[in-house]
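Okay, so here's the structure we're looking at.
Numbering (mature numbering (1 follows the signal peptide of the UniProt record, and there is no 0)), first residue to last: -28 to -1, 1 to 632.
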């Protein structure tokens, strides 16, 4: 790795030398923020100087730097987002998100003038980027913005400077990523920056009009919930539909059956039993107990148990392990080779090499044998872990169908519907899909709904979509949204359409969010690193992300100033005692607890009550942290706290809110 950095700094030095040739000899130095910057290199250039810069190679060397930095990509494969914007700057943005993960680690936010200055080779590189930026080189400006926003192992984070560079880039050529980042910064006031919801809305609108999916998501939620603007169902539907359309296009671009969408978002605190502890938090009590609190330790225990049962000849355990490797829960990577091996263990017991039922096959394994055949066929159909082969896939589906397996019936229906290795035949497709749907397979119900929709039977299609939506099938939510939004076969309902589109949009995490990156950073204790992608997702309306941001910002974890109101500490303490300027914002904590509560998180509703109860104390020092007028008066805050607790106790039977 040291050699890689040597290579990077060599190129940076080369860039410094190259640009020096293009720059007049007389220079002066000045301090900008807390870094020493060459004033001449950072100053605007004449049109002739800019022409000379581009004529002599321009930003080619900047791109060469990135070609070296891309060597870091394999180190962070688990955080790579495949959705890559087009264009030169889009490519730089894509690699920035990948590569800078290796560079931006555990760096404190700069919040005073005594922060360490950049020195040595890194300073030469930064000066070179400033020089290129003075020629309006968009990639150099972008890199400076990203470096100041994220920080690296030796480059202090400076959010004010980051905002300056994003402004430069947005003003230069209307770059949508820069516009999105400005919208984020104005909307959240991250790290103590100025909050200006009007500017946030403006910049997100600019970015969304250029197709920036992050801003489209953010605007959809803002209009849906009335964040920083008046609520507008029509505008929320418009923006959610844009994202939902992209999600469906991405899903349909995958192998037969669609792309696999993995859910990586979860509430971090629930792994530890919820914000009020095991049993006291709504999220860890009653029917909610198993929701998001399943840890790797729990899963490993289950895997050990299944492994033991497999060795005892339990075929159900063999199939369950195969499905674990194939589908993989959060935190585990899919392993097609192991999945295939598990499914084949069952198949070889039931069928001989020539496809006949083995006379030695144990009685009672027909169901699991049919399921194994269906999964083997699916992997062949999609080319997962083996070469795609429609003919062989059909063979395995027929074996599963002979045993009445609904999953095999569904996939055979897809083959006839789309003409995959067989003549396209809507009638036979419908027959197989109907058989699977009648066995309550949600995927088949949704696919059958699409067939009826194509035939103009809106009523029947809608019934199948509703059945599939009850099981969470994304495709069915999309078509319900379309029917509801257009008022086809039902009365138009804007609010319901927005809710349906929101489900689809949020299912496509991979297109606009970085939950893997956030989870990884949180789990290794790098809370600043976790905070940035999480607050981005929170602004897009993800309730889990909103709860996580509030949790990170909630330093005392029950009430901001508990000693002032004499209430015992009820919440668990988050695993960090180190104060961070970036994570010191009780006003924002309350804002995100509020948004999370409005999306039916009862624990967040109780936390709202805790905050308002704390703010009802006139001696509470936290009052000074809230904008004038936002904290109201003691009586009003006490009334708000009472409302929060009462609503939680009466509506959701919360143990904490009811005092039991």
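Here a beta-carbon is modelled for each residue, glycine too, at the ideal position from N, C-alpha and C.
Do residue 387 and residue 366 count as a contact pair if the criterion is CB distance below 8 Å? Between residue 366 and residue 387, the gap from beta carbon to beta carbon is short of 8 Å.
C-alpha gap between residue 439 and residue 292, whole angstroms: Residue 439 and residue 292: Cα-Cα distance of roughly 25 Å.
Taking only runs of the beta strand (DSSP E) that begin and end inside the stretch 118 to 150, which ones reach a length of at least 3 residues, in chain order? Qualifying beta strand (DSSP E) stretches: none in this window.
Answer with buried or exposed for residue 270, where buried requires no fewer than 16 other C-beta atoms within 10 angstroms of its C-beta. So residue 270 counts as exposed.
C-alpha distance - residue 318 paired with residue 344, whole-angstrom precision: If you take the alpha carbons of residue 318 and residue 344, they lie about 7 Å apart.
For residue 235, count neighbouring Cβ atoms within 10 angstroms of its own Cβ and tell me buried if that reaches 16, exposed if not. An exposed status is given to residue 235, since fewer than 16 other beta-carbon atoms sit within 10 Å of its beta-carbon.
Using 8 Å as the threshold, is the C-beta distance between residue 441 and residue 473 below it? Inclusion of residue 441 and residue 473 in the CB contact set at 8 Å is not warranted, their separation being larger than that value.
From the beta carbon of residue 455, is the nearest beta carbon of chain D less than 8 Å away? The structure shown contains no chain D; it holds only a single protein chain.
Spatial distance of residue 633 from residue 426 (CA atoms): Beyond the ends of the chain as shown, which are -28 and 632, falls residue 633; an answer cannot be given.
Rounded C-alpha distance that separates residue 449 from residue 470: For residue 449 and residue 470, the distance between alpha carbons rounds to 11 Å.
Residue 578 beta carbon less than 8 Å from that of residue 517: With a cutoff of 8 Å on beta-carbon distance, residue 517 and residue 578 are scored as not near each other.
Using DSSP with H/G/I as helix, E/B as strand and the rest coil, what is residue 475? In the three-state reduction of the DSSP assignment, residue 475 falls in the helix class.
Three-state secondary structure (DSSP) at residue 329? In the three-state scheme derived from DSSP, where H, G and I count as helix and E and B as strand, residue 329 is classed as strand.
In whole angstroms, what separates the C-alpha of residue 467 from that of residue 290? When rounded, the separation of the alpha-carbon atoms in residue 467 and residue 290 is 45 Å.
Could you tell me the boundaries of the alpha helix (DSSP H) in which residue 196 lies? Per DSSP, the unbroken alpha helix (DSSP H) holding residue 196 starts and ends at 185 to 197.
Per DSSP, cross-strand counterpart(s) of residue 323: DSSP output for residue 323 lists 329 as bridge partner(s).
Please state if the CB of residue 588 and the CB of residue 613 are separated by a distance shorter than 8 Å. Yes.
Contact defined as beta carbons within less than 8 Å: I believe residue 157 pairs with residue 135. What is the distance between those atoms, to the nearest angstrom? Indeed they touch by this definition, with Cβ atoms about 6 Å apart.
Other residues of its chain near residue 622: CB distance less than 7 Å, five sequence neighbours each side excluded: So the list is empty, once near-sequence residues are dropped.
Alpha carbon to alpha carbon, what distance is there between residue 489 and residue 109? When rounded, the distance between both Cα atoms is 29 Å.
Our contact map puts residue 232 next to residue 487 with C-beta atoms below 8 Å; I'd like the distance itself, whole angstroms only. Contact between residue 232 and residue 487 fails: their C-beta atoms lie close to 15 Å from each other, not under 8 Å.
Just the C-alpha distance for residue 239 and residue 509, rounded to the nearest angstrom, thanks. Taking the straight line joining both Cα atoms gives about 13 Å.
Residues near residue 378 by beta carbon distance below 7 Å, same chain, minus five either side: 408, 411, 413 and 416.
Spatial neighbours of residue 615 in its chain, beta-carbon cut-off 7 Å, leaving aside the 5 residues before and after: For residue 615, same chain residues with a beta-carbon under 7 Å away, outside a window of 5 residues either side, do not exist.
Just tell me which of 285, 557, 152 and 356 has its CA closest to the CA of residue 226. Among 285, 557, 152 and 356, the Cα nearest to that of residue 226 belongs to 356.
Helix, strand or coil at residue 201 [DSSP, three-state]: In the structure shown, residue 201 adopts coil according to DSSP, grouped into three states.
Contact check, residue 164 vs residue 553, beta carbons under 8 Å: Yes, the Cβ-Cβ distance between residue 164 and residue 553 is below 8 Å.
Can you list, in chain order, the residues of its chain with a C-beta nearer than 8 Å to that of residue 105? Leave out the 5 residues immediately preceding and following it. Taken in chain order, the residues that qualify are 14, 112, 113, 116, 137 and 140.
Taking the CB atoms as reference points, tell me whether residue 287 and residue 340 lie closer together than 8 Å. One thing to note: residue 287 has its Cβ within 8 Å of the Cβ of residue 340.
Assuming residue 173 and residue 201 make a contact with CB atoms under 8 Å, what is their CB distance in whole Å? Yes, they are in contact, since the Cβ atoms of residue 173 and residue 201 sit about 6 Å apart, within 8 Å.
Is the distance from the Cβ of residue 210 to the Cβ of residue 182 below 8 Å? No, Cβ-Cβ distance for residue 210 and residue 182 is not below 8 Å.
Between the CA atoms of residue 168 and residue 558 - distance to the nearest angstrom: The straight-line gap from Cα to Cα measures roughly 18 Å.
Have a look at residue 485 and residue 326 and give me their C-alpha separation to the nearest angstrom. Residue 485 and residue 326 have their C-alpha atoms some 48 Å from each other.
Three-way DSSP call (helix, strand, coil) for residue 527 in this model: Note: residue 527 maps to coil in three-state DSSP.
In chain order, what residues of the same chain have a beta carbon less than 6 Å from the beta carbon of residue 562, not counting five sequence neighbours either side? Within the same chain, residue 562 has close Cβ partners 583.
Would the beta-carbon of residue 459 fall within 8 Å of that of residue 436? Contact: no.
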